[in-house]
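Have a look at the structure below, then the notes.
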Amino acid sequence: MRVLVTGGAGFIGSNFIRFLLERHPSYQVVNLDKLTYAGNLERLRDVASNPRYEFVQGDICDSALVGHLMREVDAVAHFAAETHVDRALMDPGAFITTDVYGTYVLLRAAHEAGVKRFLHVSTDEVYGEVPPGRSSREDDPPAPRNPYSASKAGAEMQVSAFHQTYGLPVVIARPANNVGPYQHPEKVVPLFVTNALQDLPLPVYGDGRQVRDWLYVEDNCEALDLLLHQGTTGQAYNIPAGNLRENVYMTRLLLKLLGKPESLLRFVEDRPGHDRRYCMDGTKLRTLGWAPRHSFEQALEKTVAWYLDNRWWWERIIQTSQFQDYYRAQYERRLRPGQAPPPSNSVHRAERA
Ligand code: NAD
Ligand code: DAU
């Protein structure tokens, strides 16, 4: 089988390509990636010379290029997107272009070329925030609350429409928050690990009691591979880890794992429209035989170990002017003395589903 992976130079896409090549020794992989600030071929330097792997630099919005590539593949795993909520608050337009329009370009080309499978990688964020005690099921209506999740929900609607209208064999995956090797250092876990290693403050938004479900990227890749092959066409599947934790709890564990003092934890001005809690029901995917292999602690321990062992990768990124400019825009004012909101006086605890 020949698989077109979009966004394969990104965090999850690169882990998925490595997984596909190892798991399926006869598969060929074409990686289409624009190499935005988030894309980085060093993530794939170990597979770059593999004869079953090919890289094409290009934009998923380029219909001529996409049409050409689509005629040469059997299946698509679509990861390419603008992915960071904080950046969506600064420039929502880029998210609509890539996540919505780019997905449409891929769908149209996939339909015209007659691809046998289109795995669309969506997110738990399409459900919006979920009240305590509840978990999102696949048939719950979308209720996105920020420009990133709204774009991802828009993309999903297009995917479903192409299935309903043209019978395109799509499967939608909704993973939770991934952690693991090669995540860009502007996302929270790598940002906090790399800041802590530099004895810089860890900027926790608001009171830090927002709940996320932490999924180790290898577990996600296993689930995505299963859905690529065995997901029912036209269906959506949640990919939860069952590792629900408050952000401040996650932060304290990182500090502990790194042997750094709690004084590095800094409560800062909240993210506008910050979703309080995500939590998905995983029954549907479990019936296909998948279960995550990593507990919260294992996922964080392995992630921390990887960043300690791979300074070559992230030190180069955080030294770029692109990263420094972003960091200043995002945190300079927040971290100025006198800007921090008082932390919640609640007892911080682990939340378990
Ligand atoms: P990432 O930001 O690390 O990588 C995105 C990749 O897409 C980059 O390599 C980038 O260069 C590429 N890209 C961006 N715009 C493009 C365009 N117009 N054409 C071609 N390539 C383009 O993202 P990630 O964290 O690996 O996320 C991958 C997918 O998984 C996304 O669709 C995201 O919405 C989804 N997702 C991510 C998480 C998470 O925790 N990271 C959780 C759930 C869902
Ligand atoms: O839930 C899945 C989503 O997870 C994916 O769909 C997105 O692509 C992925 O980027 C991630 O969402 P965010 O963009 O919100 O990830 P981020 O790492 O920025 O934030 C995770 C949580 O940590 C969130 O509650 C905000 C908080 N946070 C984040 C940063 C960067 C902080 O408290 N401080 C920070 O400095």
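Position 184 of the sequence shown, counted from 1, bears residue number 184 in my numbering, the numbering being contiguous throughout.
Even for Gly, the Cβ is constructed at its ideal location relative to N, Cα and C.
For this session: Report buried or exposed for asparagine 243, applying the criterion of at least 16 other Cβ atoms within 10 angstroms of its Cβ.
Result: Mapped onto the sequence shown, residue 243 falls at position 243. It counts as buried.
Problem set entry | Under 8 Å between C-beta atoms of alanine 173 and leucine 215 | Position 173 of the sequence shown, counted from the first residue, corresponds to residue 173. Position 215 of the sequence shown, counted from the first residue, corresponds to residue 215. Taking 8 Å as the Cβ cut-off, alanine 173 and leucine 215 do not qualify as a contacting pair.
Exercise. Residues in its own chain within less than 6 Å of isoleucine 96 by CB, not counting five upstream and five downstream?
Worked result: Counting from one through the sequence shown, the residue named residue 96 turns up at place 96. So the qualifying residues of the chain are Ser151.
Exercise. Cα separation between phenylalanine 267 and valine 29?
Worked result: Mapped onto the sequence shown, residue 267 falls at position 267. Mapped onto the sequence shown, residue 29 falls at position 29. Looking at the two C-alpha atoms, the distance is approximately 43 Å.
Exercise. Does the ligand NAD have even one heavy atom less than 7 Å from the beta-carbon of valine 248?
Worked result: Counted from its first residue, the sequence shown places residue 248 at position 248. Every heavy atom of the ligand NAD is 7 Å or more from the Cβ of valine 248, so no.
Exercise. If you draw a straight line from the alpha carbon of glutamate 156 to that of proline 272, how long is it in whole angstroms?
Worked result: Position 156 of the sequence shown, counted from the start, is the residue given in the question as residue 156. Position 272 of the sequence shown, counted from the start, is the residue given in the question as residue 272. If you take the alpha carbons of glutamate 156 and proline 272, they lie about 24 Å apart.
Problem set entry | Length of the line joining the Cα atoms of aspartate 207 and glutamate 186 | Taking the sequence shown and counting its residues from 1, one reaches residue 207 at position 207. Taking the sequence shown and counting its residues from 1, one reaches residue 186 at position 186. Aspartate 207 and glutamate 186: Cα-Cα distance of roughly 20 Å.
Problem set entry | Candidates Val189, His120, Asp140, of which the one nearest leucine 258 by Cα | As a working note, residue 258 is residue 258 in the sequence shown. Just measuring C-alpha positions, the residue of Val189, His120, Asp140 sitting nearest leucine 258 is Val189.
For this session: Look at valine 3 and methionine 70 and say whether their C-beta atoms are less than 8 Å apart.
Result: Within the sequence shown, residue 3 is the residue found at index 3, counting from 1. Within the sequence shown, residue 70 is the residue found at index 70, counting from 1. For valine 3 and methionine 70, no; Cβs fall outside 8 Å.
Exercise. Per the contact definition of three or more C-beta pairs closer than 8 Å, is the stretch 102-122 in contact with the stretch 250-264?
Worked result: no
Exercise. Expressed to the nearest angstrom, what Euclidean distance is found between the alpha-carbon atoms of serine 263 and lysine 34?
Worked result: Along the sequence shown, one-based indexing puts residue 263 at 263. Along the sequence shown, one-based indexing puts residue 34 at 34. Spanning the two alpha carbons is a distance of roughly 40 Å.
Problem set entry | Contacts around proline 201, its chain only, beta-carbon distance under 8 Å, and the 5 residues preceding and following it disregarded | Your numbering for residue 201 matches position 201 in the sequence shown. Excluding residues within five positions, the ones whose Cβ falls inside 8 Å are Asn195, Leu264, Leu265, Arg266, Leu335.
Problem set entry | Selection from Asp270, Gln298, Arg245 that minimises the alpha carbon distance to arginine 277 | Position 277 of the sequence shown, counting from 1, holds the residue named residue 277. If we check each option's Cα against that of arginine 277, Arg245 comes out closest.
Exercise. So, using beta-carbon positions, are valine 56 and asparagine 15 closer together than 8 Å?
Worked result: Reading the sequence shown from its first residue, position 56 is the one you call residue 56. Reading the sequence shown from its first residue, position 15 is the one you call residue 15. Not in contact: valine 56 and asparagine 15 (Cβ atoms no closer than 8 Å).
For this session: Return the chain-ordered list of same chain residues with a C-beta closer than 6 Å to the C-beta of valine 85, the five sequence neighbours on each side being excluded.
Result: As a first step, residue 85 is located in the sequence shown; it is residue number 85 there, counting from the start. Asn146, Tyr148, listed in sequence order.
Exercise. DSSP state of leucine 106, grouped into three classes?
Worked result: Translated into the one-based positions of the sequence shown, residue 106 becomes position 106. Correct three-state label for leucine 106: helix.
For this session: Could you tell me which uninterrupted alpha helix (DSSP H) segments, each at least 4 residues in length, are contained entirely in the stretch 49-125, listed from first to last along the chain?
Result: 63-70, 85-90, 92-95, 103-113
Exercise. Would the C-beta of lysine 34 count as close to the ligand NAD, meaning under 7 Å from any of its heavy atoms?
Worked result: Translated into the one-based positions of the sequence shown, residue 34 becomes position 34. The answer is yes for lysine 34.
Exercise. Would the beta-carbon of histidine 274 be found less than 7 Å away from any heavy atom of the ligand NAD?
Worked result: As a position in the sequence shown, residue 274 is number 274, starting the count at 1. Incorrect: histidine 274 has no Cβ contact closer than 7 Å to the ligand NAD.
Problem set entry | Residues near alanine 350 by beta carbon distance below 6 Å, same chain, minus five either side | Residue mapping note: residue 350 aligns to position 350 of the sequence shown, counting from 1. Per-residue confidence for alanine 350 stands at a pLDDT of 47, beneath the threshold of 50, marking its modelled position as unreliable; the derived number appears in the next sentence. Around alanine 350: Arg245, Tyr249.
Exercise. So does glycine 180 have its beta carbon nearer than 7 Å to some heavy atom of the ligand NAD?
Worked result: Mapped onto the sequence shown, residue 180 falls at position 180. No, the beta carbon of glycine 180 sits no closer than 7 Å to any heavy atom of the ligand NAD.
Problem set entry | alanine 155, enclosing alpha helix (DSSP H) - first and last residue | Here residue 155 refers to the residue found at position 155 when the sequence shown is read from its first residue. That run of the alpha helix (DSSP H) goes 147-166.
Exercise. Among residues of its own chain, excluding the 5 on either side of glycine 180, which ones have a beta-carbon nearer than 6 Å to its beta-carbon?
Worked result: Walking along the sequence shown from the start, residue 180 turns up at place 180. Excluding residues within five positions, the ones whose Cβ falls inside 6 Å are Tyr216, Val217, Thr303.
Exercise. When DSSP labels each residue in this structure, what does asparagine 310 get in the three-state scheme?
Worked result: Here residue 310 refers to the residue found at position 310 of the sequence shown. Note: asparagine 310 maps to coil in three-state DSSP.
Exercise. Anyone know if the C-beta pair for valine 100 and glutamine 158 falls short of 8 Å?
Worked result: Working through the sequence shown from its first residue, we reach residue 100 at position 100. Working through the sequence shown from its first residue, we reach residue 158 at position 158. Yes.
Exercise. Less than 7 Å between the CB of alanine 9 and some heavy atom of the ligand DAU, yes or no?
Worked result: Within the sequence shown, residue 9 is the residue found at index 9, counting from 1. At a threshold of 7 Å, alanine 9 does not count as near the ligand DAU, since its beta carbon sits no closer than that to any of the ligand's heavy atoms.
Exercise. Going by the CB atoms, is the gap between cysteine 279 and valine 211 shorter than 8 Å?
Worked result: Taking the first residue of the sequence shown as 1, we reach residue 211 at position 211. Taking the first residue of the sequence shown as 1, we reach residue 279 at position 279. For valine 211 and cysteine 279, yes; Cβs fall inside 8 Å.
Exercise. In chain order, what residues of the same chain have a beta carbon less than 7 Å from the beta carbon of valine 105, not counting five sequence neighbours either side?
Worked result: Along the sequence shown, read from residue 1 onward, the residue named residue 105 stands at position 105. Ile60, Cys61, Ser63, Val66, listed in sequence order.
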